[in-house]
Structure formats: structure tokens, C-alpha cells
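Undergrad: I'd like to ask some things about the structure below.
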Amino acid sequence: MSANSAGSAAASADAPAPAAEPIATDLVTERLLLRQWSVAEVAAVVESVRRAHWAEDFPAEGDSVIAGYLTTHPDGLGRYGQRQIIERETGQVVGAIGLFWPPADGHVEFGYGVVASRRGRGYASEAARAIVGFALTAPEVHTVHANVELANPASVRVLEKAGLQRLHQDETTARFGTTAAESVGPKGSTESTDQQ
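Quick note on numbering: the numbering used here labels position 151 of the sequence shown as 165, and the sequence is numbered without any gaps.
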């Protein structure tokens with residue numbers, strides 16, 4: 015992320031936007047923007063400083079965990095790292111999704127979470143399709159996967175709806191994934207090409 019885009023994100027962090035406009039590094043879906051976390055957004059979550067453009071229940075516990083992770087793993091702020099899920103219609107941050115970069119032997123894991131007020135709308139599956147399709151564009155990635163606790167059937171459904179296949183399961187967890195050859199594709203997701 016350039017210093018200019020980080021400054022722009024910080025400047026706009028205090029004012030709510032009626033709708034979110036894509037920037038060059040966003041992944042864009044029909045209803046969402048997947049935007050790289052800025053240093054300012056990470057700091058706000060870690061320091062519990064509320065931002066006007068966050069959904070009322072953001073950050074959830076998982077978002078705080080990711081912000082903490084990013085303070086010790088700054089490579090997670092890069093192009094193939096962690097992203098905030100932004101509702102395009104309202105401009106509000108409603109969750110997080112991201113890749114745990116770098117890949118190991120061509121495999122990369124992703125994780126996600128959507129705040130309770132926005133669950134049941136298909137946002138997690140929509141964001142998962144986009145991040146999986148994007149990850150598979152990286153030359154060093156041939157398999158993308160996510161691990162899920164079987165005690166969380168809603169999360170299992172997210173991955174099934176996103177088009178991932180169950181690869182492995184034990185008593186408590188399942189691994190879902192896809193390969194470049196069987197890719198679910200970005201399905202309407204693109205990286206923004208706006209040059210602002």
C-alpha cells in the first residue's frame with residue numbers, strides 16, 4: 015500500500031460514506047469491496063477507537079484477533095494479505111477476510127468473519143468466492159483452503175455455498191478447498207482498475 019493510499023484511508027476513516035467507491039487495490043463483488051487493512055484501521059481496532067464507517071457491531075472478536083495478528087505480521091497488510099469487508103451500499107466495514115500469506119508448497123489458507131448484524135445475507139460466501147479466485151491468480155498458489163469447526167454449521171454452509179469442496183474431516187474440524195484446476199473463480203469479482 016502506498017503512503018498516499020494509507021493517508022487517504024485514514025482521512026476518510028472519520029466520515030461515514032453513503033456508499034463505498036472502489037480504489038485500485040480493492041477486490042470488487044456485486045455487493046462488497048474487499049479492501050486491504052490500513053495501518054490506521056489496524057491501530058483503531060487494537061486501541062478500541064471507534065470509527066464512524068464501521069458497522070455498529072464491528073469489530074467482532076475475530077476482527078480484533080486479525081488486527082492483533084497484523085501488528086506482528088505486517089506482511090499481512092500486503093496485496094495477498096488480510097482485507098476488510100465493506101458493504102458497498104452503505105460504505106460500512108462489516109467484517110474481515112484474508113489470506114494467511116505466504117503460501118506453503120502452493121497451498122494458502124484463508125479465514126473470514128462477518129459481524130452478526132450482517133449475517134444471513136450471503137456476504138461471507140460472496141467474499142470467500144472473491145478471495146479464493148484472487149488467491150488463485152498468484153503464480154505460487156495452486157490450492158486455497160479454509161478450516162472450519164464442525165460445531166459451526168453456518169460456517170460450513172458458507173464454504174459449501176462458495177463452491178469449495180470438503181477435503182478432509184476429523185471429529186471436530188473440516189478442511190474445505192479448491193485448486194486452480196477446479197477453481198470457483200472470482201464469480202463477478204474483479205480487482206478494481208480505477209487509477210485515482
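Yeah, the Cβ is synthetic: ideal placement off N, Cα and C, and Gly gets one too. Just so you know, these numbers come straight off a predicted model, no measurement behind them.
How about the segment 78-90 and the segment 133-147: do they share at least three Cβ pairs that are nearer than 8 Å?
TA: Verdict: no, contact absent.
Undergrad: For V155, collect the residues of the same chain with a Cβ closer than 7 Å to its Cβ; drop the 5 residues on either side in sequence, then sort them by chain order.
TA: The answer, listed in chain order, is P117, G120, V122, A149.
Undergrad: For R180, which three-state DSSP category applies?
TA: Strand.
Undergrad: Quick check on DSSP: helix, strand or coil for F114?
TA: If DSSP states are grouped into helix, strand and coil, F114 belongs with the strands.
Undergrad: Out of D71, W115, Q183, V146, state which residue places its alpha-carbon closest to the alpha-carbon of V129.
TA: Among D71, W115, Q183, V146, the Cα nearest to that of V129 is on D71.
Undergrad: In chain order, what residues of the same chain lie with their CB nearer than 7 Å to the CB of A69, ignoring the 5 residues before and after it?
TA: Only Q106, V107, V108, V129, S131, R132 meet the Cβ criterion.
Undergrad: Ignore the nearest five residues each way along the sequence and tell me which others in P88's own chain have a CB closer than 8 Å to its CB.
TA: Excluding positions up to five away in sequence, the list is empty.
Undergrad: Quick check on Q183: buried or exposed, where buried means 16 or more other Cβ atoms within 10 Å of its Cβ?
TA: The residue is exposed, with fewer than 16 neighbouring Cβ atoms inside 10 Å.
Undergrad: So for E44, helix, strand or coil by DSSP?
TA: The answer is coil: DSSP assigns E44 none of H, G, I, E or B.
Undergrad: Could you give the first and the last residue of the continuous alpha helix (DSSP H) run that contains G94?
TA: The sequence shown places Tyr at residue 94, rather than the Gly named in the question. From DSSP, Y94 is part of no alpha helix (DSSP H); its letter is neither H nor E.
Undergrad: For Q98, which residues in the same chain have their Cβ closer than 7 Å to its Cβ, ignoring the five residues on either side in sequence?
TA: So the list reads R49, W51, E55, V107, A110, once near-sequence residues are dropped.
Undergrad: Closest to E44 by CA distance: which of E103, A74, L84, V60 is it?
TA: Ranking E103, A74, L84, V60 by Cα distance to E44 puts E103 first.
Undergrad: Counting only the same chain and skipping the five closest in sequence on each side, list residues whose C-beta sits under 7 Å from that of V172.
TA: Closer than 7 Å at the Cβ level, and outside the excluded window around V172, lie A138, S139, A142.
Undergrad: Measuring straight from C-alpha to C-alpha, what distance separates A34 and R189?
TA: If you take the alpha carbons of A34 and R189, they lie about 33 Å apart.
Undergrad: Use the C-beta contact count for S62: other C-beta atoms within 10 angstroms, 16 or more gives buried, fewer gives exposed.
TA: Exposed, by the Cβ-count rule.
Undergrad: Any idea if E185 is buried or exposed, counting beta-carbon neighbours within 10 angstroms, 16 or more meaning buried?
TA: Exposed is the call here.
Undergrad: Is P73 near V53, with beta carbons less than 9 Å apart?
TA: No, the pair does not count as a contact, with Cβ atoms beyond the cut-off.
Undergrad: Taking R189 as part of the beta strand (DSSP E), name the residues at either end of that continuous run.
TA: Here the beta strand (DSSP E) through R189 covers 187-193.
Undergrad: Please name the residue or residues paired with A160 in a DSSP beta bridge.
TA: Its beta-bridge partners are F190.
Undergrad: Spell out the partners DSSP gives H121 in its beta bridges.
TA: Answer by DSSP bridge pairing, in chain order: A118, T157.
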